[in-house]
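First up is the structure itself, then whatever we jot down about it.
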Amino acid sequence: MMTEKFIKNEQLNFIKKQIALIKESSKKNVPQNVLTAVIDLANAKILDLFPNLSLEKQEMLDLSKLKRDKEYEQYIQHLTDYLLPFPKITEQQLKKMFPKHKKIKLPDLSTIDLNQLTYLSWNDLGYNKKFIVYELEGKIVGIDCEFAPSSKKNLCSFCNSFGDVAYFSTITKAKKSNNPDYYKSIGNLICVDSSECNKKITNVEYVTTFLKNSLGI
Ligand SMILES: [Zn+2]
């Protein structure tokens with residue numbers, strides 16, 4: 082039987098984060114009723130990610146019976162079988178997406194694990210550019226950003242974690258009907274290393290908003 086894939090990278094990251102919170106609480110030797118509350122809350126938050134889930138899958142996601150580190154590891158390992166990969170994309174498609182960049186430097190797609198990818202991104206340091214590709218409402222879209230070459234430690238807008246970020250800005254496609262020359266630039270602090278960001282991102286709210294605003298949709 083084919084495994085029905087239904088978990089996205091950022092959702093598995095979210096589940097891992099909940100497990101980290103449970104482990105932290107149990108290390109602090111909190112009273113059992115407090116620990117149970119932490120676990121119940123984690124379970125509820127995880128189920129909230131997947132509305133209309135079959136009972137069978139709800140049971141699969143239930144982590145209330147897990148205790149040892151090994152059990153948590155096996156649980157995560159099992160869930161990775163259900164990861165929905167990022168859509169397959171070719172170099173040709175990427176080139177087409179950025180027609181203005183004739184000499185675009187592309188990422189090595191063969192080294193990228195599509196299962197652990199919420200968004201595809203790479204930097205072209207020669208041009209101070211970051212390219213971001215994402216599946217927005219069933220369609221693969223891409224934007225390019227300028228970036229300030231200096232990086233510093235701060236919160237990333239995409240993954241909401243502390244790390245090496247840089248300021249990335251993009252010109253939006255939003256138009257004002259009465260002014261054809263109007264353009265608006267929007268910027269964000271985003272992780273410089275997108276593979277690190279993809280390991281930490283737990284929801285797509287920000288990346289979705291950023292892309293929609295950039296593309297004027
Ligand atoms: Zn990030």
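Just so you know, we're using our numbering here: the sequence shown kicks off at 82 and counts up by one.
Note that the Cβ used here is the ideal one computed from N, Cα and C, for glycine as well.
Practice task
With a threshold of 6 Å, establish whether the CB of C226 neighbours any heavy atom of ligand 1.
Solution key: Outside the cutoff, so no.
Problem - Residue(s) in a DSSP beta bridge with F216 - result: Correcting the residue type first, residue 216 is Glu in the shown sequence and not Phe. BP columns for E216 point to I221.
Problem - Contact belief for L147 with Y156 at Cβ below 8 Å, rounded distance in angstroms - result: Rounded, the Cβ-Cβ distance is 6 Å, consistent with contact.
Exercise for the section: Using only alpha-carbon positions, find the residue among K220, E152 and H159 that is nearest to I170. Expected result: Among K220, E152 and H159, the Cα nearest to that of I170 is on K220.
Practice task
Could you work out which residue in S238, D121, I185 and N294 is closest to N279 when comparing CA atoms only?
Solution key: The candidate whose alpha carbon is nearest that of N279 is S238.
Handout entry: ligand 1 heavy atom lying under 6 Å from the CB of F87
Key = No, Cβ of F87 sits at least 6 Å from all heavy atoms of ligand 1.
Practice task
Tell me where the beta strand (DSSP E) around T251 begins and ends.
Solution key: Looking at the DSSP string, the run of the beta strand (DSSP E) that includes T251 is F243 to I252.
Practice task
Name, in chain order, the residues that DSSP records as bridge partners for G268.
Solution key: Its beta-bridge partners are S250.
Handout entry: ligand 2 heavy atom lying under 6 Å from the CB of F239
Key = In the structure on display, ligand 2 does not appear, and the ligands it does have are ligand 1.
Handout entry: Cα-Cα separation between P188 and K176, rounded to whole angstroms
Key = Here the C-alpha atom of P188 lies approximately 11 Å from the C-alpha atom of K176.
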